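Asker: Got a structure for you, questions after.
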Amino acid sequence: MRKNFILMIFIIVISIVGYSINISVSIYPYYLMLKDIVDEKDSINIIVPAGKSPHTYALSSKDLINVYKSDLVIFNGLNSEVFISKIISNLKKKNIPFIYASDFIPKNELIGSESKEYHENYNPHIWLNPYFAYNYIIPGILENLIEINPEKKDVYKNNAEILINKLKFLDAYLLLKANEINGSIITFHNSFPYFAKRYNLVIAGVIENSPGIEPSIAEMKRLTDLARLKKVKALFSEPQLNKKLAEKLAKTLKIKLSELDPLGNNYNTLDEFYLMNFLNILNATR
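Be aware that the sequence shown starts at 1, since it is given in the working numbering, and climbs by one per residue.
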């Protein structure tokens, strides 16, 4: 009798305050989104570790254990995570909900990609557009969180609203500051077209069209000639990929080599992640 009473009390408490959930996200930017939305008792597991690229990362057995403990798994989609095909069938078998952030973006706002690796030839780096984050991705994720844990609806909604307002403010500021950026740039791989389109930046070319696959000598020559023709002001490496080619090209062109981080593992907030990448471009092109 006493056990039944305790169980009943437990059920009532859970129904009122909700329960903590485990969420797995494929890459760090989605952690930055989630950590400011979820309840402090919820946990977030990041699948791709710092310093690694989702385009080349292979899952460990520990990764799989953590993913299969999840109440929700969030992928970017558009074939940006090479490991997805290995776990989707198991997620379905285990009835673990999973979503693709890319499904929240209207198709007519996606940018085409020359790389054959990407699904339907769309560039997958959607998280690098703050407008996409606050207008599409965060509201889409919020809806799924509420569906899984409806008792925490107010917490999730209030937190999401605060984050969205922060990003709207930052986006407006960056749109104004973008007028100060002078000249074109070369990025390491094709990770910043959404960011560039949002802030009217000119990306003259990229070093690696497919992440982890070095360009041929002929391709490097074409890029060098293009950089001179377009009077490129700055070249950017990425912390997740070998910067040897970027260093060589910067030396050949006698231009500044800086760094852009498409995953932002060294940043603590989403707005800091966007702001610092923007300022790196602004400072490098001055």
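No residue lacks a Cβ here, since even glycine has one placed at the ideal position from N, Cα and C.
Just so we're clear, the structure is a prediction, and the values are computed from it rather than from any experiment.
#1: Can you find the residues in the same chain that come closer than 8 angstroms, C-beta to C-beta, to I186, ignoring five residues on each side of it along the sequence?
#2: Would the beta-carbon of S24 fall within 8 angstroms of that of P54?
#3: Excluding the 5 residues flanking A284 on each side, which residues of the same chain have their C-beta closer than 8 angstroms to its C-beta?
#4: Nearest to N22 by alpha carbon, out of D39, I105, L32 and L201?
#5: Who are I185's beta bridge partners in DSSP?
#6: Ends of the alpha helix (DSSP H) at Y173?
#7: Can you look up G140 in the DSSP assignment and give me helix, strand or coil?
#8: Spell out a yes or no on whether the region 207-221 and the region 135-151 are touching, meaning 3 or more CB-CB pairs, one atom from each, closer than 8 angstroms.
#9: Considering only the beta carbon of each residue, do L59 and F98 sit closer than 8 angstroms?
#10: To which residues of the same chain is N129 closer than 7 angstroms at the C-beta, ignoring the five residues directly before and after it?
#11: With burial defined as no fewer than 16 other Cβ atoms inside 10 Å of the residue's Cβ, what is the status of N158: buried or exposed?
Answerer: Taking the structure as given:
#1: I203, A204, G205, V206, I207, L223, A227, V232, A234, L235, F236 and L249
#2: no
#3: I185, K233, A234, F236, K256 and S258
#4: D39
#5: I203 and A234
#6: K153 to K177
#7: helix
#8: no
#9: no
#10: Y194, F195 and R198
#11: exposed
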